[in-house]
Amino acid sequence: MLVETPIRQYSRAEYLAQEETAEYRSEYHNGEIVAMTGGSLNHNQIIINLIIALTLPLREQNYQVYTSDLRLWIPRYNEYTYPDILIIKDEPIFEERRTDTVINPSIIFEVFSKSTSSRDRGDKFTFYRSLPEFQEYILIDQYQSHIEQFSKTKEGNWLFSESDDEEGILTLVSANCQIPYRQIYDRVTFEKPTV
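According to numbering that gives the first Met the number 0, the residues represented by the sequence shown are 0 to 194, in order.
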């Protein structure tokens with residue numbers, strides 16, 4: 000007879016205390032602590048390229064660009080995540096009594112991997128949509144030129160667009176900013192398909 004060991008449930012306080020001393024970051028999924036996977040060279044390069052492309056044009060519009068060191072709290076789903084890039088309009092609103100956890104992103108970028116693509120497109124997008132200030136979600140493929148974009152309309156609906164065009168331009172709907180795909184993928188080496 001096979002006996003399953005129940006997954007230990009942690010309180011938010013236990014998770015946050017563990018994160019303060021942990022060598023590696025973890026996310027919190029409704030009581031479960033899940034270690035984050037390591038990033039690849041492509042993943043890292045795309046994030047650097049996005050930070051460079053986004054920071055100046057968005058700063059002039061009073062947006063702040065943050066990397067995955069800033070934690071996001073999603074109260075409705077009892078979730079803590081670390082988006083790859085998190086953009087906040089005006090001032091950050093912090094979780095009560097914390098200065099390392101925000102609750103008001105306007106735009107989120109995730110650079111997905113084979114192991115994270117389902118969660119980034121599924122649960123995480125569901126969680127992020129529960130945040131009132133959240134307006135735009137961009138998913139970047141690190142293995143090929145492919146970008147998916149979800150934009151919230153004035154009516155509260157979400158529009159989806161995607162492109163594989165290496166000469167394409169990513170236009171943020173919620174902010175006045177355009178980034179050529181070539182700039183996003185600068186110095187990124189795609190794997191050659193095996194025959």
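Ideal Cβ placement from N, Cα and C applies to all residues, glycine included.
DSSP has residue i in a bridge; who is on the other side?
| i | result |
| --- | --- |
| residue 70 | 100 |
| residue 136 | 107, 149 |
| residue 86 | 64, 106 |
| residue 27 | 32, 79 |
| residue 161 | 147 |
| residue 93 | 101 |
Tell me the DSSP secondary structure of residue i in three-state form.
| i | result |
| --- | --- |
| residue 6 | coil |
| residue 16 | helix |
| residue 180 | helix |
| residue 44 | helix |
| residue 188 | coil |
| residue 152 | coil |
| residue 36 | coil |
| residue 130 | coil |
| residue 168 | strand |
| residue 52 | helix |
| residue 113 | coil |
What's the gap between the Cα of residue i and the Cα of residue j?
| i | j | result |
| --- | --- | --- |
| residue 159 | residue 103 | 22 Å |
| residue 53 | residue 12 | 34 Å |
| residue 179 | residue 169 | 6 Å |
| residue 45 | residue 190 | 15 Å |
| residue 171 | residue 51 | 15 Å |
| residue 59 | residue 135 | 19 Å |
| residue 130 | residue 187 | 32 Å |
| residue 65 | residue 85 | 5 Å |
| residue 166 | residue 177 | 13 Å |
| residue 153 | residue 119 | 24 Å |
| residue 76 | residue 19 | 22 Å |
| residue 146 | residue 164 | 9 Å |
| residue 68 | residue 15 | 14 Å |
| residue 24 | residue 17 | 9 Å |
| residue 157 | residue 133 | 11 Å |
| residue 3 | residue 121 | 27 Å |
| residue 57 | residue 185 | 20 Å |
| residue 43 | residue 22 | 19 Å |
With a cut-off of 8 Å on the beta carbons, I'd call residue i and residue j a contact; round off their distance for me.
| i | j | result |
| --- | --- | --- |
| residue 138 | residue 95 | About 30 Å; that fails the 8 Å criterion. |
| residue 107 | residue 101 | Not quite, the Cβ-Cβ distance comes to about 11 Å (not below 8 Å), so this is no contact. |
| residue 89 | residue 70 | Their Cβ separation, rounded to whole angstroms, is 19 Å, which puts residue 89 and residue 70 out of contact at 8 Å. |
| residue 63 | residue 87 | 5 Å |
The ligand FMN and residue i: does any heavy atom of the ligand fall closer than 7 Å to the residue's C-beta?
| i | result |
| --- | --- |
| residue 124 | In the structure on display, the ligand FMN does not appear, and there are no ligands present to speak of. |
With distance defined between alpha-carbon atoms, name the residue in the options nearest to residue i.
| i | options | result |
| --- | --- | --- |
| residue 199 | 3, 28, 86, 112 | Lying before the first or after the last residue shown, residue 199 is absent from the chain, which here runs from 0 to 194. |
| residue 161 | 79, 140, 173 | 140 |
| residue 27 | 80, 6, 16 | 80 |
| residue 151 | 177, 145, 124 | 124 |
| residue 183 | 71, 24, 41, 61 | 41 |
| residue 7 | 18, 33, 24, 37 | 33 |
| residue 36 | 175, 82, 75 | 82 |
| residue 126 | 173, 181, 74 | 74 |
| residue 55 | 157, 148, 174 | 174 |
| residue 155 | 128, 142, 61 | 128 |
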